[in-house]
Amino acid sequence: MKNALRIGLSFGLTSGIITTLGMMVGLNAGTHSRVAVIGGILTIAIADSLSDALGMHLSEESEDKHPSGVEVWIATISTLVSKILFTSFFIIPVLTLDLNTAIMVSIALGMFLLGVLSYAIARSQKTNPLIAIAEHLFIALIVIVLTSYVGNWVAVNF
Numbered sequence: 050m051k052n053a054l055r056i057g058l059s060f061g062l063t064s065g066i067i068t069t070l071g072m073m074v075g076l077n078a079g080t081h082s083r084v085a086v087i088g089g090i091l092t093i094a095i096a097d098s099l100s101d102a103l104g105m106h107l108s109e110e111s112e113d114k115h116p117s118g119v120e121v122w123i124a125t126i127s128t129l130v131s132k133i134l135f136t137s138f139f140i141i142p143v144l145t146l147d148l149n150t151a152i153m154v155s156i157a158l159g160m161f162l163l164g165v166l167s168y169a170i171a172r173s174q175k176t177n178p179l180i181a182i183a184e185h186l187f188i189a190l191i192v193i194v195l196t197s198y199v200g201n202w203v204a205v206n207f
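Read in the numbering used here, the sequence shown has 87 at position 38, and its numbers run on one by one without any break.
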C-alpha cells in the first residue's frame with residue numbers, strides 16, 4: 050500500500066507541476082491574460098486530474114503483478130488528490146502577483162518541488178541525485194520553452 054501511495058503522489062506532483070507550468074507559460078505567452086491563465090489552471094485541476102487518475106487506475110490494473118484492488122484505488126486517489134493540490138497551488142501566485150512575476154515565481158517553485166522529488170527518489174533508489182535532478186528539470190524546461198513558443202506562435206497567427 051505504501052508503494053501505491055508513493056506512485057500516486059509522485060505522478061500527481063510531477064504531472065501537476067509540468068502540465069500546469071506548460072499551460073501557464075503557453076497561455077501567458079499567447080494571451081497575457083490573468084483570466085485565461087486562471088481558467089487554464091482550474092481546467093487542469095479538474096479535467097486533467099481526473100484523466101490522470103483514471104489513467105493511473107487503468108495502468109495499475111494492467112500490471113502483470115496484479116496489485117490488490119485496495120492498492121489500485123490508493124494509487125488512483127493519491128494521484129487525483131496530489132494532482133489537484135499541486136495544480137491548484139499555482140493559482141496563489143497568479144492571484145497575488147503581477148502575471149509575468151507570477152509565471153516566473155511559479156516556474157521557480159515548480160522546478161524546486163520537482164528537484165526535491167527527484168532528489169528523494171534518487172536517494173531511495175541509491176542513484177546519483179544530481180543526474181536525476183538534471184534529467185527531470187531538463188525535461189520540465191523543454192516543456193516550458195516549447196509551450197512558450199507555441200503560445201507566441203498562436204498569438205501571432207490567430
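Just so it is clear, CB atoms sit at the ideal spot from N, CA and C, and this is done for glycine as well.
Judged by pairs of C-beta atoms under 8 Å, the stretch 58 to 74 touches the stretch 186 to 193, as three or more such pairs exist. If you draw a 10 Å sphere on the C-beta of Ala204, you find fewer than 16 other C-beta atoms in it, and that means exposed. A Cβ-Cβ separation of about 5 Å places Phe139 in contact with Ser155 under the 8 Å criterion. Bounds of any alpha helix (DSSP H) do not take in Phe139, whose DSSP letter is neither H nor E. In terms of Cβ geometry, Leu158 and Arg83 do not form a close pair [threshold 7 Å]. Secondary structure within the stretch 84 to 150: the alpha helix (DSSP H) runs of 4 or more consecutive residues, fully enclosed, are 98 to 110, 118 to 138, 140 to 145 (chain order). Between Met105 and the set Val165, Glu120, Ala169, Val86, the nearest pair of CA atoms involves Glu120. Here Ala124 has Ala53, Ile56, Gly57, Met105, Glu109 as same chain residues with Cβ atoms under 6 Å from its own Cβ, once five neighbours each way along the sequence are excluded. One alpha carbon belongs to Gly200, the other to Phe161, and they sit about 24 Å apart.
Contact annotation, Leu129 with Ala102: C-beta distance approximately 4 Å; criterion of less than 8 Å satisfied.
Around the CB of Thr136, 16 or more other CB atoms lie within 10 Å, so the residue is classed as buried.
In this model, Ala171 and Phe207 are separated by some 43 Å (Cα to Cα). Cβ neighbours of Ile193 within its own chain (closer than 7 Å, five residues either side excluded): Leu70, Gly71, Val74, Ile156. Inter-residue distance for Leu91 and Asn77 is about 15 Å (C-alpha atoms, whole angstroms). For the pair Ser167 and Ile180, the CB atoms are not nearer than the 7 Å cut-off. Residue environment analysis places Lys51 among the exposed positions, since fewer than 16 neighbouring C-beta atoms fall within 10 angstroms of its C-beta.
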